[in-house]
Structure formats: C-alpha cells, structure tokens
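With our numbering as the guide, the letters of the sequence shown map in order to residues 780 to 1178. Idealized CB from N, CA, C, for every residue including glycine. Notes follow the structure.
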Amino acid sequence: MKQLGLLIRLIIGIIAGTLIGLCGGWFGIADSAGFIAIVRLFATFTSLFSNFLSFMIPLIILSFVTVGMAELGKKANRLFGITLLLAYGTTVVSGFLTYFIGRAILPSLIQPITGDVLESNAFEAFFTIEITPVFGVMTALVLSFVLGIGMANLRGSSLLDVCRDLQKIVAAVLRRIIIPLIPVHIAGLFCNIAAEGRLFATIKMFASLYGIIIALQLLYIISQFGLASIVCRKNHFRSIKNVVPAYFTALGTQSSASTIPVALECAYNNEVEEDVADFVVPLCATINLNGDTICLVLGSMGIMIASGLMPSITMFAPFIMMLGVTMVAAPGVPGGGVMAALGLITSMLGFTDPMQQLIIALHFSQDSFGTATNVTGDQAIALIVDRVDRAGNSESKAY
C-alpha cells in the first residue's frame, strides 16, 4: 500500500468502506450484532481520528503560517512583491468568482440529503476521547501573523529556528500519521453512509461538485492566460500549448514541487527570461494555490447545501479573504491545501466532523487536477512578471 499513490489508496478506501457498508443490505444482516459492531468500529476510528486532527489543526496553522510569513517577509527581491500580489489577488478573485458561480448553479443541482446523513448517529462509536486543542484556530492564525511578521523584521533567527523545528515535527506527524490514515478515515465515512442507505445521494453530490470544480479550474487557466495577454499585449493563448507538459506532469505526480523542472522548461519555451523563470516558477509552486481554492470554496458550498444550509456572501467573503492568506502563507502542508484550510472551514463556516470528512474526501480525490491547475497558472504569472521586469529594465536604461 505504501507504494501506491495517495489518490489510489483513497479510491481503495472509498470502495472498501462502501462495500462493507452495503453488505448489510445485500445479505440481509443490517440488524445483526456482527454487522453493527463492524460499522461502529469504523465509527470509533473515525471519531478518534477526527479528535486528533482537531488537536493538530491549530499546530499546523501556527507552524506553517508563522514560518511561511517570516520567510516571505525576509525576501527583498523587487519581483517578489509583484509575484506575491498576483498570487494572492488571483486566489481571492478566483474564490469570489467560484462563490457566485456556485451560488447560481449548486442549489439546482444539489438537494438537501434526507435523513441528515451528515449528522447521523445511527452507528455511534464505542467510545470517544476528547482531545482539547492547545488553542483555538483564530488564536493560532492571529498568533502566526504576529510571530511571522515580527520575525521577518528581526535580525536574529533563534525564534525562527525554533518555529522551523516545530514545523518539522508537525510535518512529520502529517506525513507519517495523518496522511497515511486518511484513506482509512474516509473508508469509515463511506461505510457509515452506505450502511445508513444514503450512499447514492452522497455520490450524486460528489459527482456534481467534481464536474463543476474541474470545469472552473480549466476556466481559471484560460482566464489567467487572458490576463497575461492583456498585460503583455500579446496573444498568450498560443502559449498554453507549451504548458501542456507541466499540466500532465502535475496531474501524474500530484506535486507542484516535483513538477518544477518541467515547469521551468515550459517557461523557457514561452520566452520568459531565465532569471525571472528561475525565481517565479519555484516561488509560485509554493504560494499560488488557485486550484485548491476553487475546490475548497465550491466543495464547502456544496456540502453546506447538502446539509440543509444556504451559503451567504456575508459568511464566505471573510472566509475567502482569509483562505487567500492561508493558501499563500502555508504552502508546505503535505496532502494539499485542505489540511491548512480545515481550521478556517471549521471555525468560519461551522463545519461539523462529518462535514469535514466530506471536504477532505472531495479535496483529496481531485487533488491531481488542483495541482495541475496551480502549476499551469504559475506559467501565466511568470509571463506577467517577465513583462513587468522587462518594462522596469527598459525604464532604468532610459533614465
């Protein structure tokens, strides 16, 4: 199993959990003690895992956002501010556009799931253990801003080194415990859903969200190159063909970092200056996560509608603004942006544990497409930054 990719393991977990949950109806043993015990065993694991994940979320935010902001603040390159502004600006814009499109489309596609599958207690855990987080999510976020900005302006690095050590510990927990157990966690979720007879309504919701998310991600790519065409005063839609290798490499590797060598070659082929490409492409691989933003915003809206809630702009506007900061400042969280954003989703959108499990499953199942979207968008940003750099150099020479 360790040799399989995370997406494959996630699919196996979904299928396995679904089959176990359906066995009760297939073999007429839904009311038997043995079947109920198996489902409750999955529910127990899911409960324990959710509590541990809730404990880790503030630590994830504190360690990654603090170090991310401190290291970003120490960069003095003239192009860095432009790149950072483009990454944050496009993330926020894509988030708001996703909200308005979702608000127009989702209510007609997704109906509230009857029986309240997202809150069902039909198969309760054998026992639960309360693990109280060290501090709340918003406390962790504000503390991260204060420490990160402060360390960016300090001459010494002793506190930053401590935070980096904390980041390494948290990253190890994510890499060795949380991420490997995510497929089992999702298997427990789908086992419970299937056992309660709500499987097909949930799958229909996932299919609707999945199709719209991928369509919006492709639309985002086109709009990014449209923006590059306007800024550069050149038809950069033709440049998309040179970016295809990076897109499919990211689709296969599910990693922006692993795609950097191919992405750099694509930028060179689009005539981006080598020094600009060498700076922008690796940086954007860690701070430009528009594909994740589209998935998280639309997925959250769909799950809320399925649970009988209607997303409002007053709720999502601050969420999108904060999500943009989290996506930029917490790039190194293994497993995608959902692990960094889960705290915001819980605290600002009021997601319960079952709803959190669904957004995790949705994000991980489409993470390859999200990564490919991120990497392709990086190329458009590189074209824009290259244009700004050339214009700045020309003005300097003229002066």
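Environment of residue i [buried if 16+ CB atoms lie within 10 Å]
i, result
"G1122", "buried"
"N1153", "buried"
"M1083", "buried"
"S829", "buried"
"E909", "exposed"
"S811", "exposed"
"V1023", "exposed"
"T1038", "buried"
"L864", "exposed"
"G990", "exposed"
"N932", "exposed"
"T870", "buried"
"E898", "Only weak support exists for where E898 lies, its pLDDT of 46 falling under 50; the value from the coordinates is given anyway. Exposed, because fewer than 16 other Cβ atoms sit within 10 Å of the Cβ of E898."
"P1097", "exposed"
"I1160", "buried"
"F969", "buried"
Distance between residue j and residue i (C-alpha atoms, nearest Å)
i, j, result
"I799", "I808", "11 Å"
"E903", "R977", "16 Å"
"V1041", "S887", "41 Å"
"T1125", "T981", "20 Å"
"N1014", "I1000", "14 Å"
"A866", "G881", "22 Å"
"P1090", "N1048", "43 Å"
"C1011", "T918", "42 Å"
"F824", "V963", "9 Å"
"R819", "S1144", "25 Å"
"R1169", "C1063", "19 Å"
"F821", "L1137", "16 Å"
"I1139", "L995", "19 Å"
"T1065", "G1116", "11 Å"
"L988", "S937", "45 Å"
Unbroken alpha helix (DSSP H) run spanning residue i, endpoints
i, result
"R943", "937-952"
"N971", "958-974"
"V913", "No alpha helix (DSSP H) holds V913; DSSP gives it neither H nor E."
"P891", "Looking at the DSSP string, P891 is not in any alpha helix (DSSP H), and its letter there is neither H nor E."
"V1076", "1069-1085"
"K983", "978-1011"
"D810", "Unbroken run through D810: none, as it is neither H nor E."
"I1089", "Per the sequence presented here, residue 1089 reads as Met, with Ile not at that position. Careful: M1089 lies outside any alpha helix (DSSP H) and carries neither H nor E."
| said: Using 8 Å as the cut-off, can you tell me whether the segment 996-1005 makes contact with the segment 1155-1167, which would need three or more C-beta pairs spanning the two stretches below that distance? | reply: Yes: the two stretches touch, three or more of their Cβ pairs being nearer than 8 Å.
| query | Are the segment 1125-1135 and the segment 1081-1099 touching, with three or more C-beta to C-beta distances below 8 Å? | reply | Because the criterion of three Cβ pairs below 8 Å is met, the segment 1125-1135 and the segment 1081-1099 touch.
| Segment contact, 8 Å Cβ cut-off, at least three pairs: the segment 952-959 with the segment 1016-1034 | Here the segment 952-959 makes no contact with the segment 1016-1034; the two share fewer than three CB pairs at distances below 8 Å.
| Contact the segment 942-955 vs the segment 832-852: 3+ CB pairs below 8 Å | Yes, the segment 942-955 touches the segment 832-852.
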